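For the sequence shown, the working numbering begins at 11 and goes up steadily by one.
Glycine residues also receive a C-beta, built at the ideal position from the N, C-alpha and C atoms.
Predicted, not measured: the structure shown is a model, and the values here were computed from it.
First up is the structure itself, then whatever we jot down about it.
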Amino acid sequence: MAVYTEVDVDTAAALLRTLDAGTLTSMRGCAGGIENTNYFVHSDKGDWVLTVFERLGFEQLPFYLGLMQHLARKGLPVPEPRTDATGNFLHSIAGKPASLVNLLPGESIDAPMLAHCSLLGVTLAHLHTAALDFPTQQPNLRGLDWWARTVPIVRPHVSAQLAQRLDDELDFQQRFHAAASTQSLPRGPVHADLFRDNALFDGPPDAPRLSGVFDFYFAGVDHHVYDLAVCINDWCIDLDSGRLEPEHAQALLRAYHLHRPMSPAELRALPGMRRAAALRFWLSRLADWHLPREAALLQAKDPTHFERVLVDCVEQPWHPELSLR
């Protein structure tokens, strides 16, 4: 999260009144993340997250907010957008779209254990299943088309060696995604950004509970196995080396498979999808690093991490046990 648009106390208090969300008691900007302006807002009726969207427009946001509402009302641990008296969950601050959602309990974890990966797998399976009947369709806006547009933008800012790596991987992904075996994989609304800092846990250390999944603003319709690849590339990776931790990945997949059985074709596609997920986040971090936007609180993330992840995916592709027992 970050702060690009300064929101004053009076503006926040007025929005709370409009949404019958109580009287403002305090608010503070959030420094994590890089896409939107975010504030933690507290009132006498609860704790909230106020988001002002810096890139997404009014025409795109009903998909994201509607998906969150859909999942929350199906019992998923997802923040539900607060609506006004007419049922509208999309609002305006400083001429930009804005939303208010309930703040979920729990804390993010820095070092996931096997139990955390298993809980994530169960929740992701339930999320994919619950989202299948969500009626609104919107593609993953950070998918293959975006990669093809972004590679030429970041190429001038990297070494010749890295530029060649970007070109080679984009070529691989274009062929991989054009294959009939990839195009026939199961699809539906996916989170597409479910890193460890976008999930919350509470409960005792020996019996954790996944209490929240948030930040759906990169969600879109894509392959379910791509969403799994995004998760594996963060939850099941050694952060120093970028190398896969197979036991963590197996725990995540096994738990997912128990609640949404995966096809052999999905399992075969996982190595290519892990490369796709690594490329996507390497590109976005390269763009944010070399072409930053101004923000009052901004922490651009090191792009070399996902370069290392991609290299590991290419050089040591992981083929999960097909039985998943």
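Assigned secondary structure, Val17 (DSSP; H/G/I helix, E/B strand, else coil):
Sequence index remark: in the sequence shown, residue 17 carries index 7 (1-based). Coil, per DSSP.
Ala209 - containing beta strand (DSSP E), residue span:
Residue 209 sits at position 199 when you count from the first residue of the sequence shown. Unbroken beta strand (DSSP E) run through Ala209: 209–212.
Alpha carbon to alpha carbon, how far is Arg92 from Ala31? Give it in angstroms, no decimals.
The sequence position of residue 31 within the sequence shown is 21, counting from 1. The sequence position of residue 92 within the sequence shown is 82, counting from 1. Cα to Cα, Ala31 sits roughly 8 Å from Arg92.
Trp245 beta carbon less than 8 Å from that of Cys127
Position 117 of the sequence shown holds residue 127. Position 235 of the sequence shown holds residue 245. Contact flag set, yes.
Could you give the DSSP three-state label for Pro199: helix, strand or coil?
Residue numbering aside, residue 199 sits at position 189 when the sequence shown is read from its first letter. Correct three-state label for Pro199: strand.
Rounded to the nearest angstrom, what separates Val62 and Arg219 at their Cα positions?
Within the sequence shown, the letter at position 52 stands for residue 62. Within the sequence shown, the letter at position 209 stands for residue 219. Computed Cα separation, rounded: 30 Å.
What is the rounded straight-line gap between the Cα of Leu100 and the Cα of Ala108?
Counted from its first residue, the sequence shown places residue 100 at position 90. Counted from its first residue, the sequence shown places residue 108 at position 98. C-alpha separation (whole angstroms): 6 Å.
For Gly222, tell me which candidate among Cys40, Leu34, Leu129 has the shortest Cα-Cα distance.
As a working note, residue 222 is residue 212 in the sequence shown. Selected option, being the one with the closest Cα: Leu129.
Just tell me which of Leu263, Ala140, Ala95, Gln326 has its CA closest to the CA of Gln79.
Along the sequence shown, one-based indexing puts residue 79 at 69. Looking at the Cα atoms, Ala140 is the closest of the given residues.
Between the alpha carbons of Pro122 and Phe228, how many angstroms are there, rounded?
Taking the sequence shown and counting its residues from 1, the one referred to as residue 122 is at position 112. Taking the sequence shown and counting its residues from 1, the one referred to as residue 228 is at position 218. In a straight line, the C-alpha of Pro122 is about 22 Å away from that of Phe228.
In chain order, what residues of the same chain lie with their CB nearer than 8 Å to the CB of Leu34, ignoring the 5 residues before and after it?
Within the sequence shown, residue 34 is the residue found at index 24, counting from 1. Val19, Ala22, Ala23, Leu26, Val51, His52, Ser53, listed in sequence order.
Using a 10 Å radius around the Cβ and a threshold of 16 neighbouring Cβ atoms, would you call Leu345 buried or exposed?
One cannot answer for residue 345 here, as it falls past the ends of the chain, which runs 11 to 335.
Limits of the unbroken beta strand (DSSP E) element including Asn48
Within the sequence shown, the letter at position 38 stands for residue 48. Asn48 -> beta strand (DSSP E) spans 47–53.
Within a Cβ cutoff of 6 Å, which residues of the same chain sit near Pro281, ignoring the five residues on either side of it in sequence?
Stepping through the sequence shown from its first residue, residue 281 is reached at position 271. Same-chain partners within the cutoff: Pro327.
Cβ of Ile119 within 8 Å of Cβ of Phe224?
To locate residue 119, count along the sequence shown from 1; it is residue 109. To locate residue 224, count along the sequence shown from 1; it is residue 214. No, the Cβ-Cβ distance between Ile119 and Phe224 is not below 8 Å.
Cβ distance (whole Å) where Arg270 is taken to contact Ala135 below 8 Å
Taking the sequence shown and counting its residues from 1, the one referred to as residue 270 is at position 260. Taking the sequence shown and counting its residues from 1, the one referred to as residue 135 is at position 125. Indeed they touch by this definition, with Cβ atoms about 4 Å apart.
Return the residue from the list Gly76, Gln70, Glu45 that minimises the CA-CA distance to Glu64.
Start at 1 with the first residue of the sequence shown, and residue 64 comes out as number 54. Checking every option, the nearest Cα to that of Glu64 belongs to Glu45.
In the DSSP assignment, find the unbroken alpha helix (DSSP H) run with Val319 in it and report its ends.
As a working mapping, residue 319 is identified with position 309 in the sequence shown. Residues 314–325.
Rounded distance between the beta-carbons of Tyr49 and Leu60, thought under 8 Å:
On the sequence shown, residue 60 is found 50 positions in, with the first residue counted as 1. On the sequence shown, residue 49 is found 39 positions in, with the first residue counted as 1. With 8 Å as the limit, Leu60 and Tyr49 qualify as a contact, their Cβ atoms being about 4 Å apart.
Skipping 5 residues on each side, what residues in its chain have a beta carbon closer than 6 Å to that of Ala239?
For the purposes of this step, residue 239 is taken as residue 229 along the sequence shown, with counting starting at 1. Contacts found: Met283, Arg284, Ala287.
Would the stretch 193–205 count as touching the stretch 169–183 if we require 3 or more Cβ pairs under 8 Å?
no
Where does the unbroken beta strand (DSSP E) through His233 begin, and where does it stop?
Translated into the one-based positions of the sequence shown, residue 233 becomes position 223. In this chain, the beta strand (DSSP E) harbouring His233 covers 230–233.
Give the single residue among Leu289, Gly76, Ala259, Met37 whose Cα lies nearest to the Cα of Gly153.
Your numbering for residue 153 matches position 143 in the sequence shown. With distances taken between Cα atoms, Gly153 lies closest to Leu289.
When the Cα of Gln148 is compared with those of Pro72, Glu257, Arg38, which residue comes out closest?
By one-based count along the sequence shown, residue 148 stands at place 138. Nearest C-alpha to Gln148: Pro72.
Looking at the secondary structure, which residues open and close the beta strand (DSSP E) in which His101 lies?
The sequence position of residue 101 within the sequence shown is 91, counting from 1. Taken as a continuous stretch (DSSP letters only), the beta strand (DSSP E) holding His101 covers 101–103.
Alpha-carbon spacing of Pro215 relative to Asp94, whole angstroms:
In the sequence shown, residue 215 corresponds to position 205, counting from 1. In the sequence shown, residue 94 corresponds to position 84, counting from 1. Cα-Cα distance, rounded: 39 Å.
Would you list, in sequence order, the uninterrupted beta strand (DSSP E) runs of no fewer than 3 residues that lie entirely inside the stretch 255–295?
The qualifying runs do not exist here; there are none.
According to DSSP, is Asn243 helix, strand or coil?
Locating residue 243 in the sequence shown gives position 233, where the first residue counts as 1. Reduced to three states, the DSSP call for Asn243 is helix.
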